[in-house]
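Contents: one structure, followed by commentary.
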């Protein structure tokens, strides 16, 4: 609540200060349109910063935006007749540029990281202020221009470099910083064009309008960016939860297998030994009891195996999607065609998500679709995995009813993908998931990576449990 | 009598399967709980048959099967390595297709008869 009041107070103060400094400009006879644009740009930073403060108080981006907004109007004080205000206006004329520079380099997390970035921020803060002090006393503007050019050049290198090195999730959020430096470069280009090349007044007014629109776009970009950051952080936290859940499921499956399942198997062998040692002369009721105990135990082992498989199929960990889907097809009550890149492995979160979407879709087909056949197709399309589960059943699936498909869509979106369901009445159902593949530092097998050779497996008959070669 | 080496990290399972297979005419000449001891035991004991659990703590069962198949054996016709697991065969499908081992039998179906059936199917 106190923060809310503080935000109102800073906002009101900013509006008042901005209006007062613009009044000085009007007094000097500056074009009203230019004054209005100047006011709107400064206030957009200020109010945008206050807005970001409300959304992400711990991220200091808002403070830098409020700094740019407040600094924006300080330069206007140079036009004041009051000697102190005039001096402040000249010496701190570049406060907005200092904050903007820090804002661009600190975006999106609100702190300036790395030696090069810190050096540029410090040079801007101290260099520009010192240069303006020099200008105030000597009237020499050259040092200011040199430092300004240096900072612009540094930003033109550092920002694209950061964008280039950033992971895809961060790239999407870095947009405003890239936009800001592009606009700064554009504005400088326009200024040079007007001053040095000397173009017509009409053309220069058009160019100045373009520059103003660009300058106005920067604060809006940062506000939109702060929205995106919140969204991206939410998505990343969901992805972490999904990954942790998957890891827990893998551990649970291993524990069940190494623990209870091993004991049951040993017990079943012990019973068989006992049964054979007792021989044919054993009392019939004892023999019956032993046989029934063996049967129960066998059923128990099967149930436990199914339970463990449902928690996390070990075949997915060991053999990836191709093996897991082939096993899934064998368990299915209807024939399933599987097309999947053989041997190729993906990030565990991608594999688990793809597998659970397909197995859930298949469970739904078996329960509700009355299908005679279904297919699971996995294809790699650039940096995306596309999964399609299709059946020839009743169709007419209503996505809004039942939470199954919504749950799957949530799971897919947690890894940055999307799920589409197409289901016309009488025309079967197609569930399509598109999942982005994270770029991994080193591929496990380059030959396998290069060739997306699909293998096709059909399961019209369940496989035998004992295999020979 | 066919000599057998049991490789499994569960002592309870080794004890039970030893009793079962001894009763069915196998001569269990040794037991090993890890891949490393299995290799040593195999060189020293030269068993005809090795019953090998896929999920050993120190090595991958498929890698070990590969090595064991190349060790000298007491049988002129070559070594028999039977892979086993309390998981089912479908868990290891592609690896079972590639393995040099003789075959796979799930633990709860292990018996002298099952091993004989596997060998008969192999030579058929």
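Protein chains in written order, with this note's numbering: chain A, 86 to 554; chain B, 30 to 153.
Yeah, the Cβ is synthetic: ideal placement off N, Cα and C, and Gly gets one too.
Check: Please go through the same chain and pick out, in chain order, the residues whose beta-carbon is closer than 6 Å to the beta-carbon of residue 135/B, but skip the five residues on each side of it.; Outcome: 117
Check: Curious, which full-length alpha helix (DSSP H) runs of at least 4 residues does the segment 430-500 of chain A contain?; Outcome: 433-449, 489-499
Check: For residue 529/A, would you say it is in contact with chain B, using Cβ-to-Cβ distances shorter than 8 Å as the test?; Outcome: Caution is warranted here: a pLDDT of 40 is assigned to residue 529/A, below 50, making its placement in the model unreliable, and no coordinate value can be reported.
Check: Scan the segment 377-391 of chain A for residues whose Cβ lies nearer than 8 Å to a Cβ of chain B and list them as they occur along the chain.; Outcome: 383, 386, 390
Check: Are the Cβ atoms of residue 209/A and residue 183/A separated by less than 8 Å?; Outcome: yes
Check: So that I know if they touch, is there some Cβ in chain A lying closer than 8 Å to that of residue 39/B?; Outcome: yes
Check: Put residue 527/A into one of helix, strand or coil per three-state DSSP.; Outcome: Reliability fails at residue 527/A, whose pLDDT of 39 lies under 50, so the model's placement of it is uncertain and no value is given.
Check: Compare the C-beta of residue 52/B with all C-beta atoms of chain A and state if any pair is closer than 8 Å.; Outcome: yes
Check: Exposed or buried, which one is residue 300/A when buried takes at least 16 other CB atoms within 10 Å?; Outcome: buried
Check: How big is the Cα-Cα spacing for residue 333/A and residue 398/A?; Outcome: 13 Å
Check: I want to see whether chain A comes within less than 8 Å of residue 122/B, judged by CB atoms only; does it?; Outcome: yes
Check: Under 7 Å between beta-carbons, which chain B residues line up against residue 399/A? List them in chain order, please.; Outcome: 116, 120
Check: Using the three-state DSSP reduction, which class does residue 91/B fall into: helix, strand or coil?; Outcome: helix
Check: Are the C-beta atoms of residue 56/B and some chain A residue less than 8 Å apart?; Outcome: no
Check: Quick one: which unbroken beta strand (DSSP E) runs of 3-plus residues sit fully inside the segment 325-393 of chain A? Chain order, please.; Outcome: none
Check: If you run the structure through DSSP and keep just helix, strand and coil, what is residue 512/A?; Outcome: coil
Check: For the alpha helix (DSSP H) that residue 168/A lies in, which residues bound it at each end?; Outcome: 168-176
Check: What residues are listed by DSSP as bridge partners for residue 521/A?; Outcome: 469/A
Check: Identify the contact partners of residue 96/B in chain A, using a Cβ-Cβ distance below 7 Å as the criterion.; Outcome: Per Cβ cutoff of 7 Å: no residues; residue 96/B is ~18 Å from chain A at best.
Check: Measure the C-alpha to C-alpha separation of residue 76/B and residue 130/B and round it to an integer number of angstroms.; Outcome: 15 Å
Check: Going by alpha carbons, who is nearest to residue 479/A out of 473/A, 470/A, 459/A?; Outcome: 459/A
Check: Measure the C-alpha to C-alpha separation of residue 377/A and residue 357/A and round it to an integer number of angstroms.; Outcome: 12 Å
Check: Name, going along the chain, the residues of the segment 347-364 of chain A whose beta-carbon falls closer than 9 Å to a beta-carbon of chain B.; Outcome: 347, 348, 349, 350, 351, 352, 353, 354, 355, 357, 358, 361, 362
Check: If the cut is a Cβ gap below 7 Å, which residues of chain A does residue 46/B touch?; Outcome: 354
Check: Mind pulling the chain A residues with CB within less than 7 Å of residue 81/B?; Outcome: What residue 81/B touches in chain A: nothing, since even the nearest Cβ is about 15 Å away.
Check: To the nearest angstrom, how far is the alpha carbon of residue 43/A from that of residue 302/A?; Outcome: This structure does not reach residue 43/A, given that chain A is present from 86 up to 554, and the question cannot be answered.
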